[in-house]
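Enquirer:
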């Protein structure tokens, strides 16, 4: 019990330190994390406004203008919570030989970065809550029933675990690869395109959607947005998403464990 | 004589950048794949939208795809010649290594922003040129348009980088310029769409105050319909005014620089 409390204390202190680090350069945080998401939303809002302009009755694959705008505002909210963390320091820690410290500290590499991610998520959840309140008060989005809203929120947090695991994986690849940011950005481009974050998957060709349903991509954006918009509500459909993302996250965590074990054998502690 | 000197220096910059980039072969190949996927995902998204609507604003599918390809061509050249240098510049300011660049006997803007060349972008340039020609043929562009395209690509790239150079001077006043680089990328994101998708006030601000919408909309509107030349004139003014602002801001910024390492 005592050991558990000491360990908990380490997590809490690391989370607090990371919080301070994340918020030290507020302008940078704003431009780096919020800026891209806001501009992406702004462009999509303008684009769809131009498409529906002068055609108030236009319905595209079941989406009228209000539905389409709601879709993109929910995509913004989901993106903020699930995809905000970039795990930028992870690869640098390995490449620059900084993980030597973690090999000695009583708080390992995974624990440190996970604690850092948790603190980042706390900031993101705070920002998202404020954003949601603003959107709601402006009448831009309609909140679903409380049970669906809670489920959607929990599900989005699940997706953020998935994203963290995959970002962690790309970071660990720096044991072998000089520049892992390319992998991270590539993954982001692929996921943004195939998950329905740019346009709803309903607008994609049916054959492509059928193939995509066998991948985790639709479950990263399209699926949680549908939950928040109240279009997915049956227990069967809801549990399917959780199961798929859960399995992928567990698999990735296990793969990360294996890669760390192999990678650490190659580690040369550059600069020591 | 002076141009020749700069050309010789630039050739060295290119050769050292190519040597560094190609020594990490996996990263080099991944960069190419990433850029190709970005290109096709952008084009395909537009195609998917046009499967359900006939026009966006006044433009049909071929017109918008021509515009997007034109902008992606500018992006490609930007990535090839300038992109890396912006990221390095914020690092130079933070660590104080800008000292060594300032000491070189040549223009500091040239030394800072032309230093890094990305060969992987050069390899996929034919992809962009090919698509630009393909959509140009679909639009049945006339001879004048074909002659003007290379000039407009250079002019658009010039306006983009001048605006980015100006924005980057703000790094002299910041402890960490990383955020400015992200802001720069957001301006690129806004410029990647034609001016008519934006509402009136936004369009005016982004055309005449921070003229990023002129980068693509100026030339492409003219290429499609030669009576639309006004934006092109504004673009010329923006380039000249931008150069003047940059020269002055850069001087002030350099005076502000206090060298973190000394």
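Residue numbers (the working numbering), protein chains in the order written: chain A, 3 to 274; chain G, 650 to 911. For every residue, glycine included, the Cβ atom is placed at its ideal position computed from N, Cα and C. On a predicted model such as this, the values are computed, not experimentally measured, just so you know.
Of all the options 766(G), 875(G), 754(G) and 768(G), which has the alpha carbon lying nearest to the alpha carbon of residue 651(G)?
Expert: Position 2 of the second chain holds residue 651(G). The option with the nearest alpha carbon to residue 651(G) is 754(G).
Enquirer: Pairs of beta-carbons, one from the stretch 857–875 of chain G and one from the stretch 790–800 of chain G, closer than 8 angstroms: are there three or more?
Expert: Touching, yes.
Enquirer: Taking the straight line between their C-alpha atoms, what separation do you get for residue 838(G) and residue 42(A)?
Expert: Translated into positions along the second chain, residue 838(G) becomes position 189. Translated into positions along the first chain, residue 42(A) becomes position 40. Their Cα atoms are separated by approximately 8 angstroms.
Enquirer: Measuring alpha carbon to alpha carbon, tell me which of 264(A), 270(A), 66(A) and 18(A) ends up nearest residue 116(A).
Expert: Within the first chain, numbered from 1, the residue matching residue 116(A) stands at position 114. Here the closest residue by C-alpha is 18(A).
Enquirer: Identify the residues that DSSP records as bridge partners of residue 178(A): which are they?
Expert: Within the first chain, residue 178(A) is the residue found at index 176, counting from 1. None; residue 178(A) has no bridge partner.
Enquirer: Establish whether the CB of residue 832(G) and some CB of chain A are separated by less than 7 angstroms.
Expert: Here the question's residue 832(G) lines up with position 183 in the second chain. Yes - at least one Cβ of chain A is within 7 angstroms of the one on residue 832(G).
Enquirer: Suppose the cutoff is 7 angstroms on Cβ atoms and the five residues either side in sequence are ignored; what does the same chain contact list for residue 741(G) look like?
Expert: Translated into the one-based positions of the second chain, residue 741(G) becomes position 92. Taken in chain order, the residues that qualify are 747 and 750.
Enquirer: Report the rounded CA-to-CA distance for residue 245(A) versus residue 152(A), giving the unit in angstroms.
Expert: Taking the first chain and counting its residues from 1, one reaches residue 245(A) at position 243. Taking the first chain and counting its residues from 1, one reaches residue 152(A) at position 150. Residue 245(A) and residue 152(A): Cα-Cα distance of roughly 17 angstroms.
Enquirer: Just to confirm my understanding: we take residue 908(G), look at its own chain, exclude 5 residues before and 5 after, and list those with CB closer than 8 angstroms. What are they?
Expert: Counting from 1 along the second chain, the entry for residue 908(G) is found at position 259. Closer than 8 angstroms at the Cβ level, and outside the excluded window around residue 908(G), lie 745, 747 and 748.
Enquirer: Measure the alpha-carbon distance for residue 854(G) versus residue 835(G) and round it to whole angstroms.
Expert: For the purposes of this step, residue 854(G) is taken as the residue at position 205 of the second chain. For the purposes of this step, residue 835(G) is taken as the residue at position 186 of the second chain. Their backbone Cα atoms lie some 15 angstroms apart in a straight line.
Enquirer: Using the Cβ count rule (16 or more neighbours within 10 Å means buried), how would you classify residue 822(G)?
Expert: Counting from one through the second chain, the residue named residue 822(G) turns up at place 173. The residue is exposed, with fewer than 16 neighbouring Cβ atoms inside 10 Å.
Enquirer: With which residues is residue 65(A) paired in a DSSP beta bridge?
Expert: Taking the first residue of the first chain as position 1, residue 65(A) is located at position 63. Partner(s): 62(A).
Enquirer: If you check the beta carbons only, do residue 167(A) and residue 254(A) fall under 7 angstroms apart?
Expert: Position 165 of the first chain, counted from the start, is the residue given in the question as residue 167(A). Position 252 of the first chain, counted from the start, is the residue given in the question as residue 254(A). Result yes, Cβ atoms of residue 167(A) and residue 254(A) sit closer than 7 angstroms.
Enquirer: Shorter than 7 angstroms from the beta carbon of residue 867(G) to some beta carbon of chain A?
Expert: Position 218 of the second chain, counted from the first residue, corresponds to residue 867(G). No, because no Cβ of chain A sits closer than 7 angstroms to the Cβ of residue 867(G).
Enquirer: Return yes when the Cβ of residue 806(G) is within less than 7 angstroms of the Cβ of residue 717(G), no when it is not.
Expert: Here residue 717(G) refers to the residue found at position 68 when the second chain is read from its first residue. Here residue 806(G) refers to the residue found at position 157 when the second chain is read from its first residue. Not a contact, by the Cβ cut-off of 7 angstroms.
Enquirer: Rounded to the nearest angstrom, what separates residue 674(G) and residue 736(G) at their Cα positions?
Expert: In the second chain, the residue the question calls residue 674(G) occupies position 25. In the second chain, the residue the question calls residue 736(G) occupies position 87. Cα to Cα, the separation comes out at about 21 angstroms.
Enquirer: Determine the DSSP secondary structure at residue 17(A), reduced to helix, strand or coil.
Expert: Stepping through the first chain from its first residue, residue 17(A) is reached at position 15. Residue 17(A): helix per DSSP, three-state reduction.
Enquirer: Can you check whether the CB of residue 251(A) is closer than 7 angstroms to the CB of residue 114(A)?
Expert: As a working note, residue 114(A) is residue 112 in the first chain. As a working note, residue 251(A) is residue 249 in the first chain. The answer is no: Cβ separation not under 7 angstroms.
Enquirer: How far does the alpha helix (DSSP H) with residue 653(G) in it extend, from its first residue to its last?
Expert: For this step, residue 653(G) is matched to residue 4 along the second chain. Residue 653(G) -> alpha helix (DSSP H) spans 651–672.
Enquirer: Using a Cβ cut-off of 7 angstroms (strictly closer), state whether residue 193(A) contacts chain G.
Expert: Working through the first chain from its first residue, we reach residue 193(A) at position 191. Chain G, which has no Cβ nearer than 7 angstroms to the Cβ of residue 193(A), makes this no.
Enquirer: Check the Cβ of residue 85(A) against every Cβ in chain G and list those closer than 9 angstroms, keeping chain order.
Expert: For the purposes of this step, residue 85(A) is identified with residue 83 of the first chain, where counting begins at 1. In chain order: nothing, as chain G lies at least about 15 angstroms away.
Enquirer: Cβ of residue 180(A) less than 7 angstroms from any chain G Cβ?
Expert: In the first chain, residue 180(A) corresponds to position 178, counting from 1. Chain G, which has a Cβ nearer than 7 angstroms to the Cβ of residue 180(A), makes this yes.
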